[in-house]
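Engineer:
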Amino acid sequence: MARWGGAIAVWAPSGQSLDGEALRLNQELFEAVFDAGAETLGEAILQSLGEYRARTGSFAYIPRIYILLGDPGLILRH
425 MARWGGAIAV
435 WAPSGQSLDG
445 EALRLNQELF
455 EAVFDAGAET
465 LGEAILQSLG
475 EYRARTGSFA
485 YIPRIYILLG
495 DPGLILRH
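Be aware that the sequence shown starts at 425, since it is given in our numbering, and climbs by one per residue.
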């Protein structure tokens, strides 16, 4: 990491979030990046949203408040 470097992207809620649901959504993102082998950040986010919906049975409040500040085409290195 560069000494004066910073974040290249942020995916975070734009409002109040529920800890347990946010944890579940972020675990899905981690799995999309490291287990499912998503090639871009946008692909990883879409995969995580799909898995979250499949596991919870809904596309509830939590995924709707998450926003990406960054390039969804960012290539992920594994």
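For each residue, glycine too, the CB sits at the ideal point set by N, CA and C. Here the structure is a predicted model, which is why all the values come from computation and not from measurement.
What residues in its chain sit with their C-beta under 8 Å from that of L498, if we drop five residues either side in the sequence?
Structural biologist: I432, A433, T464, L465, G466
Engineer: Compare the beta carbon distance of A446 and A456 with 7 Å and say whether it is the shorter of the two.
Structural biologist: no
Engineer: Cα-Cα, which of G429, F458, G481, A436 is closest to I489?
Structural biologist: A436
Engineer: Please report how far the alpha carbon of G461 lies from the alpha carbon of L449, in whole angstroms.
Structural biologist: 17 Å
Engineer: G444: which of Y485, D459, Q471 sits nearest, CA to CA?
Structural biologist: Closest in alpha carbon position to G444, among Y485, D459, Q471, is Y485.
Engineer: Identify the residues that DSSP records as bridge partners of P487: which are they?
Structural biologist: DSSP output for P487 lists no bridge partner at all.
Engineer: Where T480 and L453 are concerned, what is the direct C-alpha to C-alpha distance, given to the nearest angstrom?
Structural biologist: 15 Å
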